[in-house]
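What follows is a single structure, written as C-alpha cells, with notes after it.
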Amino acid sequence: MTIHYELHDDIAVLAADNPPVNALGHAVRLGLQDGITRAQADGAKAVVIYGRGRTWFAGADIREFGKPLQEPSLPDLCNLIEASTIPVIAAMHGTALGGGLEVALGCHYRVAVPTAKMGLPEVHLGLIPGAGGTQRLPRVIGSEQAIALITSGRPIDAAKALELGVIDKVEAGDPLELGLDYARNLIAQGAQTRPISKMPAPKLIDFEGAKAGVAKKARGQISPVVAVDAVQNASTLPFDQGLAEERRLFLELIETDQRQGMIHAFFSERQVRKLPELDGITPRNLASIGVIGGGTMGAGIATAALLAGLCVVLIEMTDAGAAAAKDRIAGNLSGALKRGKIDQAKHDAILNEALRCATDYEALSQTDLIIEAVFEDMDIKKQVFAKLDQVAKPGAILASNTSYLDLDEIAASTSRPADVIGLHFFSPAHVMKLLEVVVGAQTAPDVVATGFALGKRLGKTSVRSGVCDGFIGNRMMFTYRSCADHMVLDGASPYQIDRVLEKFGFAMGLFAVSDLAGLDIGWANRKRLAPLRDPQERVPTYADKICEKGDYGQKTGRGYYIYEGRSKVENPDVMQLVEAERTELGITPRAFSDAEILRRYMAAMVNEAAKIVGEGIARRPLDVDMVSLMGYGFPRFHGGPLKWADMQGLPELLADIQSFAQEDAFFWQPAPLLVQLVAEGRTFDDLNKEAAQ
Ligand code: 3H9
C-alpha cells in the first residue's frame, strides 16, 4: 500500500509510503483519491497529508511519461483535493517538487519544516508543470515570481516559501505532528476550505517582455518559453480554461524530443555512477590528499578537495611557486566565500589549517591519495610517478590528471601499478562537474571505487573511462574538431560553424571554446601527435599558424576572435590564414549550408562516440552522453550525442557517414558498433537498458 489511511480523532491522515521519493505514480494517486473521498464519508473534520520516509512527494513518477495514462490523472487529483468539503492540510518535509508542490497547492493549507525545499523543476525535464502549477502558483505569488520559479526550475527553501506566501507556517519538528497541530487549530477556529482556484486571476504583467527574456536564456530549449504562455493564461483565462490549456501544452511537450532528451539526462546522471564491477567493493579511506602542481588545474583540484572537507598538501617546485599556488587557492576560496558557499570561519580554517603548501615530496608521505597535475609531458609525468613511488605510504593511491597520455605507461614507472588511476578534472576544477575516472589495465577495483567515492565527495559526476588517447571526452573533441577544420578548409568559416553550434544549443561555439581554453593546449597536442599521424589523414595547419603569431585566445586577447573588454569580434587574420592554406592546397572553397555543417559535425561526434563504446572505453552509451553534457557543454535538451543519434535515426546517420566517406574514406570510417546497431535495428538506448539489467 502506498497511501495509508489513519484516523486521529476527527482528523484523517493520509500517509504516503512510496520510497525512495514518494513519486506520485498511479497507486499513489489512487490512494490519495480514495483517502480524500473516504475522509469526507467518515465525517472527518480535516485531512492531513504527509510523506513517510525522507520526503513529501518529489513529483510525478517520471517513469510513467510517454506511457498510457492511468486514471486519476494528477491534475484531476489536485482538483479533487481542492474540491474537498473539509480542509486539507499539506504537512511538508524533504523536497516538494513538481507534482508534489502541485498537490500541496491543491490542498487548502500548507505547513512545512524549516529544512523543506519546494519548487517546480519540470522545465529541467523538458516539460511545464502539468497539474495546475502554472495556474495556482501565480494566483498565490503573482505572475512575475511564478515565472521566475517555473522557468528556472530552482527550488526555494521553506523560509522563502513562507515569505512569498506559498506556505502558511514553518515549524521544526515531526511533519505529521506539525500537520495535526495545524489541523486542530483550524478546526477549533472553524476554518473553511480555501481553494486557490477561486482566488482572483493574477494581475497582468509585461508577458511579452518576460517571454523574450526567458527565450534568450533558454537558448533553444522550448519548455521555459511555453511555461510563460501557460502562466499568462492564468491572468487572461478563467481558471478551468487555463488548466485545460496547461494540460494541452504539457501533453504537447511530452511528445517532444527535448522531453526525451532531458529525461534521458536525468536518469543517466543517476545511472552513470552504477557500475556492476564496483558492487560490494569498499573504497579506501580518504582523509587527506596530495596535489602536485599549483597551476590553474592543481589549485582548482586543491580548492575542490578543501571545500569538500579534505586536508590538502600541495607540492610546487619552488617556494615562490608554492606561494603563488596558495594565492590561487585563496582567490578561489574568496570566490566561494562571496557566493555564500562557505562562511568566514570555514574559509579561515581551510586556509590556515587544512591546506599545506610545500616543495618537498616527503610532505606527501602520509596522504591517502595524490593527484599529479603537472605539465602534459610523458617524461615529466614518469619522473613524478617514480618519485611518488618512493615517498607515498603503502596503499596510497597515485592519480594522474593527464588529459590524453597513456595511463598504463605512467603506471609502469611505479612498482605499484594497481594503485595508479587517472582522475581527469576539467578546468576550473572546483567549478566543473565532470570527473573522468580513468581505469588502467592493472588498476585495482578498490582504487576505482575510491576514485568514484572522491568524485561523489567533490560533488562531481564521475564517468568511468578506459585508456585511449584523450579518453572519452577529448578523444571525441579531437574528432569533431578535425571535422570542423576540414569544413573550414573546404569553404566554411569558424564563425559560421560557431553560429550553427550556438543555434543548436551550445553556450559557445567550438572555436570560441578553444579561445577560452587556450589555443596553445591544442597546438601542443597536435605537435605530440604529428609523428603518429597516418599519411592519409587531412591535417590543416592554419590553427598552428595562429599560435605561431603568439595568439593563444582569450589569455592573449586574440585567437579566433579579438577580445576587447567583454565583447569579441572575428579576427580577420584567421580567414587570411585559411585562404592562404586553401590556395596552397588548390582547394576551391564551396558554400556550406548551416544544416550541412550540423550534419557533418554531429555525424563525426556520434561516429567517434560509437567507436569509444564499441571498444569498451566507455561502458555504455550513456557514459558518453554524460561526459558531453557535464564537461563539453553539449545541450542538455538533446540528451547527449548518442541519445540525439537515436532520436535522429541511426540508419540516417550511418547513411550520412557513408556518403561523406566518398570524399574522405580515411576520416569517415563508420564505427563497427553503429553498423551493427543499424543492421540489427537497435539503438544506443537498447544498449543502456541491457547494461542496467
Ligand atoms: C512532474 O511532477 C510533472 C507534473 O507537473 C505534472 C504531471 C502530470 N519519478 O535523485 P536521487 C528516483 S515532473 C521517478 O538519487 P536524491 C531516482 O531515479 C517531476 N523516480 O536522490 C533514483 O532512482 P534510483 C518533477 C524518481 O536524494 C531515486 O529516486 N519532479 C523521481 O539525490 C533517488 O533519487 C522532479 O523533477 C521521480 N519524480 O535527490 C524531481 N525522482 O535509485 C526529480 C527521483 O533507481 N527528482 N526518482 O537511481 C529529484 O530532483 C531528486 O531525485 C530528489 C532526491 C531531489 C527528489
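This note's numbering puts the sequence shown at residues 529 to 1221. Beta carbons are placed, not taken as given, at the ideal position from N, Cα and C, and that holds for glycine.
Closest in C-alpha terms to residue 627, from the list 707, 754 and 775, comes 775. Look at residue 587: its beta carbon is less than 6 angstroms from one of the heavy atoms in ligand 1.
Residue 737 has its CB no nearer than 6 angstroms to any heavy atom of ligand 1. Unbroken beta strand (DSSP E) stretches of 3 residues or longer found wholly inside the stretch 885-943: 897-900 and 925-928, given in chain order.
Taking every protein chain shown into account, the CB of residue 903 has fewer than 16 other CB atoms within 10 angstroms, so this residue is exposed. Straight-line measurement puts the Cα of residue 906 at about 7 angstroms from the Cα of residue 938. Non-local beta-carbon contacts of residue 1064 in its own chain, meaning distances under 7 angstroms to residues more than five positions away in sequence, involve 1194 in chain order. Our two residues, residue 1069 and residue 1179, have alpha carbons roughly 34 angstroms apart in a direct line. Rounded to the nearest whole angstrom, the C-alpha separation of residue 1197 and residue 1056 is 23 angstroms. Check the Cα spacing between residue 1076 and each of 868, 709 and 1102: the tightest is with 1102.
Residue 870 is positioned such that its CB atom lies no closer than 7 angstroms to that of residue 827. Shortest Cα-Cα distance from residue 755 to any of 863, 1199, 815 and 666 involves 666.
Taking 6 angstroms as the cut-off, the C-beta of residue 750 does not count as close to any heavy atom of ligand 1. Between residue 616 and residue 679 a beta carbon distance of about 28 angstroms is seen, past the 8 angstroms cut, so the two are scored as non-contacting. By the criterion of a C-beta distance shorter than 7 angstroms, residue 603 is surrounded in its chain by 658, 659, 660, 771 and 775, once the five residues flanking it on both sides are discounted. For residue 1073, the enclosing alpha helix (DSSP H) begins and ends at 1070-1076. Three or more beta-carbon pairs separated by less than 8 angstroms are not found between the stretch 683-692 and the stretch 776-789, which leaves the two stretches without contact. Here residue 1101 carries a helix assignment [DSSP, helix/strand/coil]. When C-alpha distances from residue 552 are compared across 539, 568, 538 and 598, the shortest belongs to 598. Counting only runs that start and end inside the stretch 672-736, the alpha helix (DSSP H) elements of at least 4 residues fall at 686-692 and 703-717.
As computed with DSSP, residue 953 is found in a beta bridge with 963. Comparing alpha-carbon positions, the option among 541, 1127 and 1050 lying closest to residue 711 turns out to be 541. Assigned with DSSP and collapsed to three states, residue 958 falls in coil, not helix or strand.
Using a C-beta cut-off of 8 angstroms, the stretch 794-807 makes no contact with the stretch 927-946, since fewer than three inter-stretch Cβ pairs fall below that distance. Counted as a single uninterrupted DSSP element, the stretch harbouring residue 1141 is not any beta strand (DSSP E) but the alpha helix (DSSP H) occupying residues 1122-1142. The beta carbons of residue 584 and residue 622 sit closer together than 7 angstroms. Here DSSP, grouped into helix, strand and coil, assigns residue 592 to helix. Here the alpha carbon of residue 1097 sits roughly 26 angstroms from the alpha carbon of residue 1054. Residue 1017 and residue 1115 have their C-alpha atoms some 8 angstroms from each other.
Nearest neighbour of residue 1041 by Cα position, chosen from 901, 548, 1087 and 568, turns out to be 1087.
By a beta-carbon distance limit of 8 angstroms, residue 1200 does not contact residue 1144. Their separation comes to about 12 angstroms. Relative to ligand 1, the beta carbon of residue 1115 is positioned no closer than 6 angstroms to any heavy atom. The C-beta of residue 971 has 16 or more other C-beta atoms within 10 Å across all chains shown, which makes the residue buried. Note that the stretch 841-859 does not touch the stretch 1004-1022; fewer than 3 beta-carbon pairs, one per stretch, sit closer than 8 angstroms. For residue 842, the three-state secondary structure derived from DSSP is strand. Residue 1020 places its beta carbon less than 7 angstroms from that of residue 1125.
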